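Sequences listed follow chains A and B, in order.
The numbering used here puts the first residue of the first sequence at 3, with every later residue one more than the last.
The numbering used here puts the first residue of the second sequence at 41, with every later residue one more than the last.
Everything on this sheet refers to the single structure shown next.
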Amino acid sequence: MVQYSTARLDTSFAALSDATRRGVLEQLGRADASITDLAEKFHMTLTGMKKHVGILEQAGFVTTQKVGRVRTCRLGLRRLEEEAAWIESYRRLWDARFDALDNLVEELKQKEKDDGE
Amino acid sequence: MESKPTLTKNPTTEDRKSERELVITRTFNAPARIVFAAWTTPELFMRWWAPKSMGVPLLSCSMDVRVGGGYRVAFGHDASSATEFFGKYLEVIPNARLVWTNEESDDAAVTTVTFEEKDGKTLLVLHELYPSKEALDEASGMEGVMSEQFEQLDELLVTLGAGEA
């Protein structure tokens, strides 16, 4: 069974608790962007955006690299899989099982019907 | 949470009833005798118990569905790396109720499944009773985190899911 670090999850969830930061992740999921791009996109000051990116960086969701005068942000290696797995693994397993069972049940229903005819 | 846009499917719910109990519910659009058969006939059971997304196929399954009868299920890619789950049936009421033990570990649950038919549909309730709170935490991947955090993640996954569409 996967072990999850509570402290790390706390940092992750805190980073994700802000709508702008979630928007930034979504945006970076589509393409890398500079802090300036992000600030414009989210109608924020550079300082404000730097702060948000800093928090995401700390949680490992984002990495930044400065080339010349431009700081480029991209999604970090640390993605949401662990959090997603942690919250969803068990229900998802049952959900997937039951989807498969749905298909089987439909087939059996049809067979009963055909046999009855 | 579910992003499948096609067929409307019945939701799966998970509820932690107490420190040692977990309840999963799901409705199936079929009479109880059909759903029950899918749980108690090895060749049918093998077709759904290990869905592809689980990543590990079912290798074998045997069931002696009567009170005191045993079952044995093996997962794995080949026999040498197989993991076995086994136990015995404590209660068997055809088309209505199954209770079995899980004996592969000391921390495993006693599982009760009820099949309740109404208007041609079957409400399935799966109840697991674990020997301790820790055993349930371990089995379900929960580490005592608060529901608020669950909600935050749910919200995020919805947002990200919507972004992909």
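Cβ coordinates follow ideal geometry from the N, Cα and C atoms, glycine included.
Predicted model, so just to flag it, every value in this text is computed and none were measured.
Run through chain B and tell me which residues come within less than 8 Å of residue i, C-beta to C-beta.
i: A/L110; result: A70, I74, A77, A78 and L84
i: A/V107; result: F68, N69, A70, I74, V75 and A78
To the nearest angstrom, how far is it from the Cα of residue i to the Cα of residue j?
i: B/I74; j: A/W96; result: 18 Å
i: A/G31; j: B/F76; result: 44 Å
i: B/E57; j: B/E124; result: Checking the sequence, you will find Lys at residue 57 of chain B rather than Glu. Straight-line Cα distance between these residues: approximately 28 Å.
i: A/V72; j: A/T49; result: 14 Å
i: B/E183; j: B/D177; result: Its pLDDT being 38, under 50, B/E183 is placed unreliably by the model, and nothing is read from it.
i: B/G108; j: B/L138; result: 12 Å
i: B/S120; j: B/N142; result: 22 Å
i: B/F115; j: A/T38; result: 51 Å
i: B/V165; j: B/G110; result: 22 Å
i: A/V107; j: A/K113; result: 10 Å
i: B/F68; j: B/A78; result: 12 Å
i: B/A148; j: B/R112; result: 14 Å
i: B/D146; j: B/P82; result: 25 Å
i: A/K53; j: A/R10; result: 19 Å
i: B/S187; j: B/D55; result: Confidence at B/S187 is low in this model, with a pLDDT of 42, below 50, so its placement is unreliable and no value can be given for it.
i: A/Q29; j: B/L99; result: 43 Å
i: A/T22; j: B/P171; result: 43 Å
i: B/A179; j: A/D20; result: 31 Å
i: B/R60; j: A/G25; result: 38 Å
Please list, in chain order, the chain A residues whose beta carbon lies closer than 7 Å to that of residue i.
i: B/T52; result: R93, W96, D97 and F100
i: B/R66; result: F100
i: B/P274; result: Residue 274 of chain B falls outside the range modelled here, since chain B spans only 41 to 205, and no answer is possible.
Given that residue i touches chain B, what residues does it touch there, using C-beta distances under 9 Å?
i: A/D117; result: Within chain B, no residue comes near A/D117; the closest Cβ sits about 13 Å away, beyond 9 Å.
i: A/V64; result: What A/V64 touches in chain B: nothing, since even the nearest Cβ is about 14 Å away.
Can you find the residues in the same chain that come closer than 6 Å, C-beta to C-beta, to residue i, ignoring five residues on each side of it along the sequence?
i: B/T151; result: W140 and E168
i: B/R87; result: none
Please compile the residues from chain A whose C-beta is within a distance smaller than 8 Å of the C-beta of residue i.
i: B/R87; result: A102 and L106
i: B/K49; result: D101 and D104
Starting from the C-beta of residue i, find all residues in its chain whose C-beta is less than 8 Å away, skip the five residues before and the five after it, and write them out in chain order.
i: B/P97; result: A90, F115, G116 and H117
Tell me which residues share the same chain as residue i and place their Cβ nearer than 7 Å to its Cβ, disregarding the 5 neighbours each side in the sequence.
i: B/A122; result: L99, A114, F115 and G116
When you check each C-beta in the segment 25-42 of chain A against every C-beta of chain B, which residues fall closer than 9 Å? G25, L27, E28, Q29, G31 and R32
Any contact of the segment 86-102 of chain B with the segment 97-104 of chain A, i.e. 3+ C-beta pairs under 8 Å? yes
I want to know whether the segment 70-80 of chain A touches the segment 31-40 of chain A - three or more CB-CB distances under 8 Å. yes
Quick check: the segment 100-119 of chain A against the segment 100-118 of chain B, are at least 3 beta-carbon pairs closer than 8 Å? no
Could you say if the segment 153-162 of chain B and the segment 112-128 of chain B meet the contact criterion of at least three C-beta pairs nearer than 8 Å? no
Check whether the segment 39-48 of chain A touches the segment 9-16 of chain A, counting contact only when three or more Cβ pairs, one atom from each stretch, lie closer than 8 Å. no
The segment 136-147 of chain B: which residues have C-beta closer than 7 Å to a C-beta of chain A, in chain order? none
Which residues, in order along the segment 97-116 of chain B, keep a beta-carbon less than 7 Å from a beta-carbon of chain A? none
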